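Okay, structure first, notes after.
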Amino acid sequence: DTAVSQTPKYLVTQMGNDKSIKCEQNLGHDTMYWYKQDSKKFLKIMFSYNNKELIINETVPNRFSPKSPDKAHLNLHINSLELGDSAVYFCASRRGRGESYNEQFFGPGTRLTVL
Amino acid sequence: QQPVQSPQAVILREGEDAVINCSSSKALYSVHWYRQKHGEAPVFLMILLKGGEQMRHEKISASFNEKKQQSSLYLTASQLSYSGTYFCGTEYGGNEKLTFGTGTRLTIIP
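Chains as they are written, first to last, in the working numbering: chain X, 1 to 115; chain E, 1 to 110.
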């Protein structure tokens with residue numbers, strides 16, 4: 001059973017388009033995250049939700065909008081895609097409200113390429 | 001601020017030892033270590049909490065020096081499977097956000 005899954009795995013699109021990435025976790029965790037990993041492999045947090053409530057919102061362009069319909073799902077919608085949005089986007093989940101002693105489980109990633 | 005890892009890259013022969021350091025400019029509450037293989041997701045290795053004990057995962061161990069605001073990952077008798085990029089993730093004040101380090105690329109050769 002896949003613990004954290006993401007769709008699609010690859011996404012190739014033109015500049016200016018709008019796209020969504022979906023994430024689901026079957027671990028029963030309460031907290032979910034979106035990370036962006038750029039070409040230099042820097043892994044940077046974007047958003048975090050706890051039980052459908054936004055708890056972390058980093059300095060991310062407002063073209064990015066996360067949505068959590070329930071605590072098992074966290075989707076990422078991106079409007080007006082730009083070349084700089086090309087990256088691998090990882091979803092992750094964590095038990096509880098993110099207590100320090102709990103590990104994060106990462107999804108397989110979605111490689112987004114903007115042409 | 002992003003924690004700084006050193007070295008940036010290291011190449012080892014199978015069986016050799018390595019140390020990866022993670023340094024922060026701010027006081028640390030916890031340090032998490034992850035390994036990411038090429039084209040895959042980061043995978044959890046261990047967590048070190050402020051005031052906690054040194055942790056161990058098979059032949060990989062880690063320490064947390066609160067005074068130096070630094071954590072070190074020790075890989076003993078490295079195996080081919082240890083190859084990958086190692087990231088430390090730091091928390092400040094237990095605020096739930098992990099700030100990942102710059103990464104250390106480890107290559108093990110036979």
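By construction, the Cβ of each residue, glycine as well, lies at the ideal position given by its N, Cα and C atoms. Everything numeric in this text was worked out from a predicted model, so none of it was measured.
task: Rounded to whole angstroms, what's the CA-CA distance from Glu53 of chain E to Asn57 of chain X? Just pull it up for me.
output: Here residue 53 of chain E is taken as the residue at index 53 of the second sequence, counted from 1. Here residue 57 of chain X is taken as the residue at index 57 of the first sequence, counted from 1. Answer to the nearest angstrom: the Cα atoms are 32 Å apart.
field: Whole runs of the beta strand (DSSP E) within the segment 22 to 107 of chain E, excluding any shorter than 3 residues
entry: Complete beta strand (DSSP E) runs here, min 3: 30 to 36, 42 to 49, 55 to 57, 60 to 65, 70 to 75, 84 to 91.
- prompt: Nearest-angstrom Cα distance between Asp30 of chain X and Lys22 of chain X?
  reply: Taking the first sequence and counting its residues from 1, one reaches residue 30 of chain X at position 30. Taking the first sequence and counting its residues from 1, one reaches residue 22 of chain X at position 22. For Asp30 of chain X and Lys22 of chain X, the distance between alpha carbons rounds to 17 Å.
- prompt: Could you give the C-beta distance for Gln6 of chain X and Pro108 of chain X, rounded to a whole number, given that I count them as a contact under 8 Å?
  reply: Here residue 6 of chain X is taken as the residue at index 6 of the first sequence, counted from 1. Here residue 108 of chain X is taken as the residue at index 108 of the first sequence, counted from 1. The Cβ separation is near 6 Å, so the contact holds.
message: Counting only beta-carbon separations shorter than 8 Å, does His38 of chain E have a partner in chain X?
response: In the second sequence, the residue the question calls residue 38 of chain E occupies position 38. Taking Cβ atoms only, chain X never reaches closer than 8 Å to His38 of chain E, which makes this a no.
- prompt: Where does Ala77 of chain E land, buried or exposed, given buried means 16+ other C-beta within 10 angstroms?
  reply: In the second sequence, the residue the question calls residue 77 of chain E occupies position 77. An exposed status is given to Ala77 of chain E, since fewer than 16 other beta-carbon atoms sit within 10 Å of its beta-carbon.
- prompt: Is the segment 84 to 95 of chain X close to the segment 33 to 41 of chain X, with three or more CB pairs under 8 Å?
  reply: Cβ pair count under 8 Å is three or more, so yes.
message: By alpha-carbon positions, which one of E:Arg105, E:Ser81, E:Ile109, E:Phe87 ends up nearest to Thr99 of chain E?
response: What you label residue 99 of chain E is simply residue 99 of the second sequence in a count that begins at 1. For Thr99 of chain E, the nearest C-alpha among the options comes from E:Phe87.
query: Can the beta-carbon of Ile108 of chain E be found less than 8 Å from the beta-carbon of Glu40 of chain E?
result: Stepping through the second sequence from its first residue, residue 108 of chain E is reached at position 108. Stepping through the second sequence from its first residue, residue 40 of chain E is reached at position 40. In terms of Cβ geometry, Ile108 of chain E and Glu40 of chain E do not form a close pair [threshold 8 Å].
query: What does Lys41 of chain X touch in chain E if you count any residue whose Cβ is under 7 Å from its own?
result: Taking the first residue of the first sequence as 1, we reach residue 41 of chain X at position 41. Correct list: Thr85, Gly103.
message: In the DSSP assignment, the beta strand (DSSP E) including Asn50 of chain X goes from what residue to what residue?
response: As a first step, residue 50 of chain X is located in the first sequence; it is residue number 50 there, counting from the start. Start and end: 43 to 50.
- prompt: What did DSSP end up calling Asp70 of chain X once you bin it into helix, strand or coil?
  reply: Counting from 1 along the first sequence, the entry for residue 70 of chain X is found at position 70. Judged by DSSP in its simplified three-state form, Asp70 of chain X adopts strand.
task: Output, in chain order, the set of chain E residues within a Cβ distance shorter than 7 Å of Phe106 of chain X.
output: Within the first sequence, the letter at position 106 stands for residue 106 of chain X. Going along chain E in sequence order, the residues near Phe106 of chain X (Cβ under 7 Å) are Ala41, Pro42.
query: At least one CB of chain X closer than 8 Å to the CB of Ile108 of chain E: is that the case?
result: Here the question's residue 108 of chain E lines up with position 108 in the second sequence. So no, Ile108 of chain E is outside the interface.
query: Who are the near neighbours of Cys22 of chain E in its chain, counting only those whose CB is closer than 6 Å to its CB and skipping five residues on each side?
result: In the second sequence, residue 22 of chain E corresponds to position 22, counting from 1. Cβ neighbours of Cys22 of chain E within its own chain (closer than 6 Å, five residues either side excluded): Pro3, Gln5, Ser71, Cys88, Gly101.
field: Reduced DSSP category for Leu27 of chain X - H, G, I as helix; E, B as strand; rest coil
entry: As a position in the first sequence, residue 27 of chain X is number 27, starting the count at 1. Coil, per DSSP.
field: Contacts around Leu49 of chain E, its chain only, beta-carbon distance under 8 Å, and the 5 residues preceding and following it disregarded
entry: Sequence index remark: in the second sequence, residue 49 of chain E carries index 49 (1-based). Closer than 8 Å at the Cβ level, and outside the excluded window around Leu49 of chain E, lie Tyr29, Ser30, Phe64.
- prompt: Since Phe106 of chain X contacts Pro7 of chain E with CB under 8 Å, what's their CB separation in whole angstroms?
  reply: For the purposes of this step, residue 106 of chain X is identified with residue 106 of the first sequence, where counting begins at 1. For the purposes of this step, residue 7 of chain E is identified with residue 7 of the second sequence, where counting begins at 1. That belief does not hold up - the Cβ atoms of Phe106 of chain X and Pro7 of chain E are roughly 24 Å apart, past 8 Å.
field: Members of the segment 6 to 31 of chain E that neighbour chain X once the beta carbon cut-off is set at 9 Å
entry: Flagged, chain order: Tyr29, Ser30.
message: Taking 8 Å as the threshold (C-beta atoms), are Tyr101 of chain X and Ile47 of chain E in contact?
response: As a first step, residue 47 of chain E must be located in the second sequence, where it is residue number 47. As a first step, residue 101 of chain X must be located in the first sequence, where it is residue number 101. Yes, these two residues count as a Cβ contact at 8 Å.
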